[in-house]
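Numbering (our numbering), first residue to last: 2 to 559.
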């Protein structure tokens, strides 16, 4: 069958508004996807729904569609999105109303069954990560727009691929290829030079959004529309492939993809071929993300300028102690951004950051802000703060649990109102993912002179969050650099370079086909991004910090 061209126009709720129009006008497509959901987004939508039961979906999508629905209809491009969030039926109705107002004949379907909130009392939102076969059922029945709630990000691609090529649920290698393609597209411009370690290799001032040319055998080519910004090469694709993954087995509701089998090759300018992906039976359970309100949070950043920074910090802590005595969670962090004999006041200043969390809003709100501001004329010399503390904002906590496939009623609601149940895989067609035995290490480089230098001179990295854990994917750009990296960057060395991880479980996974290592750091993000437990709550820059750390690198690689 023909090649299926699937594009992406959103990697998160708040991504570039014009991307949908650009993707529809800058080149040919068959399907345009949009990923609007993340763990934090589900919490935001849950709070929206508390205020208005008819809310709970990504309203930006509707505004984009207002100017793009006609374009998609003219070009016969299907639109598949998880912008339905907590209310896919509500968004589907809103799209129908929009289409009627615009006079555009559009068939709208949606997928439901992911909502598990009633089964988890005390949560703001609890949703199972569904696969792509509900989407496929909607498209096979003739839908032009398919709206979902919480599906896996890759399902936005596996669903259209299964519908187009007629794949069944046990065609694991083909499905796994589509999962990898979906993972490469899901974060938008991250595949086209955005957030890329070697961003200076191309012009990334305004990267275009990616698309994948999928084939019936599950292989694909990742590219972008001609003439758009950014660039696509093996490095940008490797970086995105490692993003927010763990070991060699990448488990999902439709299939477990073997990331250690992926082969990438440059297939021309801005074209990377993805092939060799092997698939295995999906796990017997579905992941359910639980979002709940954890309490209230506040913070103050005290600016300490000039001399005696440590003594000034001690004075603030002592003066604030009476106001902090009954608060459950108090965290102080001193960032020594100051320099001696600094030419500007800003570079002469350090930041002392106080973060507090408690179930009592009053304790972290007015009581804290009053205590901090009362120091304005009674504190250390040069006292000021970056911004006055607020009244205390609610924060969320994320965790995940797992339920059998059969516990979820996965339903495709077709454009004509018919409801089609998506059967879960039989038990005999599932398998609990087991760790893949570590492959042998490559031959080490021969001994030679070394130089103390940043890791980033010879390796790229990309990092991200999964609940309270973080992953850091590190890859080498040459075979010789891989031979060194695989031996030098052990889990213990990682802990030395990232002191925050020193007392945490760190697991290293090898992916030789990608010349890559993937590190999973358990618990470094506390209770997840919504809890904002650390300076970089989503670990987005953890990989760049690692690249900036110095170690002994063979001079032959520098």
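Even for Gly, the Cβ is constructed at its ideal location relative to N, Cα and C.
Computed from a prediction, not measured in an experiment: that's the story for all the values here.
Cβ-based burial, residue i [other Cβ within 10 Å; buried from 16]
i: residue 374; result: exposed
i: residue 359; result: buried
i: residue 444; result: exposed
i: residue 266; result: exposed
i: residue 1; result: The question about residue 1 has no answer here: the residues shown for the chain are numbered 2 through 559.
i: residue 564; result: Absent from the model: residue 564. The displayed extent of the chain is 2 to 559, so no value can be given.
i: residue 3; result: exposed
i: residue 429; result: exposed
i: residue 30; result: buried
i: residue 536; result: exposed
i: residue 34; result: buried
i: residue 433; result: exposed
i: residue 225; result: buried
i: residue 40; result: buried
i: residue 348; result: exposed
i: residue 314; result: buried
Residues of its chain near residue i, where Cβ-Cβ distance is below 6 Å and the 5 sequence neighbours each way are ignored
i: residue 191; result: 241
i: residue 42; result: 14
i: residue 262; result: 277, 278 and 279
i: residue 153; result: 130 and 253
i: residue 425; result: 406 and 407
i: residue 410; result: 114
i: residue 395; result: 294 and 297
i: residue 44; result: 292, 397 and 531
i: residue 487; result: 442 and 443
i: residue 187; result: 36 and 154
Extent of the continuous alpha helix (DSSP H) run through residue i
i: residue 546; result: 543-549
i: residue 173; result: 173-186
i: residue 75; result: 60-76
i: residue 241; result: 235-243
i: residue 525; result: Where residue 525 is concerned, there is no enclosing alpha helix (DSSP H), given that its DSSP letter is neither H nor E.
i: residue 49; result: 40-52
i: residue 316; result: 310-325
i: residue 482; result: 480-489
Own chain residues within Cβ distance below 8 Å of residue i, not counting five before or after
i: residue 502; result: 495, 496, 522 and 525
i: residue 310; result: 335, 337, 339 and 351
i: residue 90; result: 111, 113 and 414
i: residue 412; result: 112, 113, 114, 135, 420, 421, 422 and 423
i: residue 550; result: 455, 456, 498 and 499
Contacting residues, own chain, Cβ-Cβ under 7 Å from residue i (five flanking each side not counted)
i: residue 556; result: 449, 450, 451 and 452
i: residue 469; result: 524, 526, 527, 528 and 529
i: residue 143; result: 108 and 416
i: residue 377; result: 384
i: residue 563; result: With the chain running from 2 to 559 in the structure shown, residue 563 is simply not present.
i: residue 16; result: 189
i: residue 369; result: 299, 324, 357 and 390
i: residue 328; result: 357, 359, 364 and 365
i: residue 1; result: The shown model of the chain, from 2 to 559, leaves out residue 1, and the question about it has no answer.
Delimiting residues of the beta strand (DSSP E) encompassing residue i
i: residue 333; result: 330-336
i: residue 158; result: Counting along the chain, residue 158 falls outside any beta strand (DSSP E), though it belongs to the alpha helix (DSSP H) covering 156-166.
i: residue 511; result: 507-512
i: residue 5; result: 5-9
i: residue 470; result: 470-477
i: residue 226; result: Run containing residue 226: none; DSSP gives neither H nor E here.
i: residue 89; result: Note, residue 89: premise wrong, no beta strand (DSSP E); alpha helix (DSSP H) at 89-103.
i: residue 134; result: Note, residue 134: premise wrong, no beta strand (DSSP E); alpha helix (DSSP H) at 134-141.
i: residue 301; result: 286-306
i: residue 498; result: Careful: residue 498 lies outside any beta strand (DSSP E), inside the alpha helix (DSSP H) at 492-498.
i: residue 1; result: The question about residue 1 has no answer, for the chain in this structure spans 2 to 559.
i: residue 82; result: 79-82
i: residue 281; result: 279-281
i: residue 461; result: 460-467
Closer than 7 Å: residue i CB and nearest the ligand MN heavy atom
i: residue 274; result: Of ligands this structure carries none, so the ligand MN is not represented either.
When you compare the stretch 131-150 with the stretch 110-117, are there three or more beta-carbon pairs, one atom per stretch, that lie closer than 8 Å?
yes
Could you say if the stretch 344-353 and the stretch 388-400 meet the contact criterion of at least three C-beta pairs nearer than 8 Å?
no
What beta strand (DSSP E) runs, 3 residues minimum, are completely inside the stretch 357-431?
394-405, 412-414 and 420-422
Would the stretch 284-303 count as touching the stretch 382-399 if we require 3 or more Cβ pairs under 8 Å?
yes
Just checking, does the stretch 240-254 make contact with the stretch 277-290 on the three C-beta pairs under 8 Å criterion?
yes
Closer than 8 Å is the cut-off here; do at least three beta carbon pairs connect the stretch 459-478 with the stretch 533-553?
yes
Flag this pair as touching only if the stretch 208-221 and the stretch 428-439 have three or more C-beta atom pairs under 8 Å; answer yes or no.
no
Does the structure place the stretch 153-169 close enough to the stretch 130-145 that three or more beta carbon pairs sit under 8 Å?
yes
Are three or more beta carbon pairs between the stretch 113-127 and the stretch 94-101 nearer than 8 Å?
no
Uninterrupted alpha helix (DSSP H) stretches inside the stretch 6-35 (no shorter than 4 residues)
20-26
Would the stretch 268-276 and the stretch 503-521 be scored as touching if the rule is three or more Cβ pairs under 8 Å?
no
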